[in-house]
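Below: one structure, written as structure tokens.
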Amino acid sequence: MDRDFSEFISRVLDRTDIVTLISRYIKVEKRGNTHWACCPFHHETQPSFAINEAKQFFHCFGCKESGNAISFVMKMENVEFIDALKMLAEQAGMEMPKLSGNGRAQAVDKKRRERLHNLMRDAARHYHDNLSSPRAKIFNDYLRSRQLTDGMVRRFGLGASLDFQEMLEYLSSKGYTYDEMHAAGIAETKDGRQYDVFGKRLMYPIIDNLGNVVAFGGRTLEADVHFAKYRNSSQTEIFDKSKVIYAVNLLKKRKAKGPIDYVIMTEGYMDVIALHKAGFDTAVASMGTALTVKQARQLKLYSDIVYISYDGDTAGQKATLRGLDILRETGLIVKVVRLPDGLDPDDIIKRGGREAYQKLLDNAVPLTEYKIDVLKSRYNLDDADQKAIFAMESAKVVTALDNPVEQEQYLRYVSKLTGFSVDALARQANLAASELAESARIERQREAARGGSTDGGNSARPIEYDSALMFFLSSILQSQDYVDFDRDVSDAMPDGRTLKLYSICRNSRMKNMAAYIYGSEEFGDEDKPLLDELLDYKFIKGDGRDKFVDIENMLYCKALDAQIERVNAQYKQTGDKNFLTKVGELTAEKNKIKNR
């Protein structure tokens, strides 16, 4: 990131009042010198989300989310850094700077993305308008058979592709090129001819949380066709399947009206529409059942509880269960709705009304219980050998739980199913935990044999840093007035994470360092534990300029030692006496510091 752009970020942050910004999303109250709110990133009833107006950053003492105005918008709107910056710049009446080099390429790329978004918006509107055509009878008949009102059709933007050419001709008339249609995922070439990949299908626009149409899903209603019944957009410059959730735009609107108790995750577009029609307006669908970390984090912005409403065959598949584990690991409470075999939510609602589906929600089971029941369905518990295998496999499921109370609860459940004692199952669970730990140890050894960690010392595992270093870095991050970066101590940083933090702070020298760091693209989730600890550091009597200077001198001596070692190695390798002279200069400088 060049210095001009860094300064632009700083100016945007200076013109953005974080209290005013956050107040647009959640209720904020001032108590003393701090503003407080219930955290928008996890469920709570007592405010633990603090907003520091003086230093322009927020910190949640519950879930430990922290950041500045940019990172807040990134989290709330689920957008990338540059998009959040642009939103704040526009609100502040500032124009994004003209960039050079790689920055100019990014600007061109941004303009192209906007062009593709416009193309997809125009395509969605035209597909929807096609429902008014006499040629759309088969599509309208289908929508009526699903008992969808005109309002529900408009709510989801449903439409129709009438043939394989009509949409391309329309987009051409709007000034879009075939190259742009290909890039958006609407057109492909076959036998030298361009065609609409969604030809003759009912169309479901897929809209992201910012209201952009980024993809389509389509299904043909004709029998005996020579092409695939279902077609979904492939990955494009504006569509990343791993990030998008169907109907998240409606979920966002729903949250604007008030808190959301739970989200219902279904398999298909029509499942979502049927549930909304019945009043379950927090239903969404995954883009495939293999849920991703990005989707899980996005869901957590809206609620802490997710009901999974997949059919039995899908919900029991290994890949699906792994996706549900990702939801749980993200901090979501996951419950599984047991749908009768062969029925989807729409079938349930048609047969028994809203009350029938609500009853299934009320009887949904926790994820761990469901996983044990899936295992149970694979074994004959009347057979002694199979029952023992089931017990061992169930113990592995229980071992994955962090909470010992939950572990005991589910060991009792397995005991009830098998007749084995809780003590015996607990011993098996401990054995399973030991095996998992040993497997992890062996994998770490293999990784080391392959060349070790490749993240520059940026492992997400917490690292213990000494108190002197924590004070030193906390002073820098919290912009204490005695920090002046007189000496470069980069070589004394113990790992890649602390080196990155120190180097960026030293090079940028922003007056509000915490706000800048928390908005920087350079830092990810793996850096949060360190940043949060530094931000939470409480300065005590004796912490001040003299202590900072002493620690800086100590670190500088360490840095000089590292430099002396490197230059010595160069001298031994080359025999060049200039390196020897340099060693003498570095040693003299170190002695001067130590003798002060």
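Residue 0 is where the sequence shown starts when you use numbering that gives the first Met the number 0, and the numbers rise one by one after that.
Each residue gets a CB set at the ideal place from its N, CA and C atoms; glycine is no exception.
For clarity, every value in this text was computed on a predicted model and none was experimentally measured.
Between the C-alpha atoms of residue i and residue j, what's the straight-line distance to the nearest angstrom?
i           : j           : result
residue 430 : residue 239 : 41 Å
residue 583 : residue 562 : 11 Å
residue 395 : residue 483 : 53 Å
residue 73  : residue 535 : 22 Å
residue 214 : residue 359 : 32 Å
residue 103 : residue 95  : Summary for residue 103: the model assigns pLDDT 44, below 50, so the residue's position carries little reliability; its value from the coordinates is reported in the next sentence. Approximately 12 Å between the Cα atoms of the pair.
residue 530 : residue 237 : 31 Å
residue 194 : residue 167 : 7 Å
residue 40  : residue 33  : 19 Å
residue 578 : residue 566 : 6 Å
residue 241 : residue 323 : 14 Å
residue 458 : residue 174 : Bear in mind that the predicted position of residue 458 carries a pLDDT of just 45, short of 50, making it unreliable; the figure below should be weighed with that in mind. Rounded to the nearest angstrom, the two C-alpha atoms are 49 Å apart.
residue 232 : residue 171 : 20 Å
residue 183 : residue 4   : 30 Å
residue 230 : residue 292 : 25 Å
residue 8   : residue 79  : 14 Å
residue 199 : residue 267 : 19 Å
residue 433 : residue 139 : 60 Å
residue 45  : residue 178 : 53 Å
residue 262 : residue 58  : 26 Å
Write down the C-beta distance between residue i and residue j rounded to the nearest angstrom, noting that I regard them as a contact closer than 8 Å.
i           : j           : result
residue 132 : residue 161 : 6 Å
residue 603 : residue 406 : What the structure shows of the chain is the stretch from 0 to 595, and residue 603 is not part of that stretch, so it cannot be assessed.
residue 272 : residue 151 : 7 Å
residue 308 : residue 269 : About 13 Å; that fails the 8 Å criterion.
residue 202 : residue 157 : 7 Å
residue 344 : residue 274 : 5 Å
residue 320 : residue 251 : Incorrect: roughly 28 Å between the Cβ atoms, too far for contact.
residue 661 : residue 415 : It is not possible to answer for residue 661, since the shown part of the chain is limited to 0 through 595.
residue 412 : residue 368 : 7 Å
residue 295 : residue 325 : 5 Å
residue 122 : residue 21  : Not confirmed; about 36 Å, so no contact.
Per the DSSP calculation, residue i is bridged to which residue(s)?
i           : result
residue 635 : Any answer about residue 635 is impossible in this case: the structure gives the chain only from 0 up to 595.
residue 28  : 35
residue 193 : 188
residue 335 : 307 and 364
residue 214 : 205
residue 283 : 264
residue 245 : 284
residue 159 : 201
What residue range does the alpha helix (DSSP H) around residue i cover?
i           : result
residue 172 : 165-172
residue 551 : 544-573
residue 62  : Element bounds for residue 62: n/a, residue is neither H nor E.
residue 392 : 383-398
residue 330 : Careful: residue 330 lies outside any alpha helix (DSSP H) and carries neither H nor E.
residue 71  : 68-76
residue 405 : 403-417
residue 181 : 177-183
residue 537 : Per DSSP, residue 537 belongs to no alpha helix (DSSP H) and is neither H nor E.
residue 591 : 576-593
Quick check on this structure: which residue in the options has the alpha carbon closest to the alpha carbon of residue i?
i           : options               : result
residue 545 : 427, 467 and 363      : 467
residue 13  : 159, 24, 65 and 93    : 93
residue 332 : 304, 153 and 476      : 304
residue 15  : 39, 85 and 29         : 85
residue 487 : 504, 474 and 374      : 504
residue 248 : 297, 219, 21 and 337  : 297
residue 35  : 50, 121, 22 and 24    : 50
residue 197 : 210, 179, 177 and 159 : 159
residue 476 : 507, 493 and 465      : 507
residue 10  : 26, 538 and 69        : 69
residue 522 : 65, 45 and 19         : 65
residue 352 : 276, 227 and 195      : 276
residue 376 : 363, 390 and 473      : 390
residue 533 : 564, 478 and 541      : 478
residue 17  : 321, 71 and 141       : 71
residue 211 : 294, 301, 117 and 199 : 117
residue 588 : 564, 572 and 556      : 556
residue 256 : 425, 227 and 26       : 26
residue 591 : 165, 573, 552 and 114 : 552
residue 56  : 528, 516 and 541      : 516
residue 286 : 349, 354 and 205      : 205
residue 489 : 472, 480 and 47       : 472
residue 550 : 24, 113, 155 and 465  : 465
Looking at the unbroken beta strand (DSSP E) that takes in residue i, where does it start and where does it end?
i           : result
residue 230 : 229-231
How about residue i: is its C-beta nearer than 9 Å to some C-beta of chain B?
i           : result
residue 286 : Absent from the structure: chain B. Only one protein chain is present.
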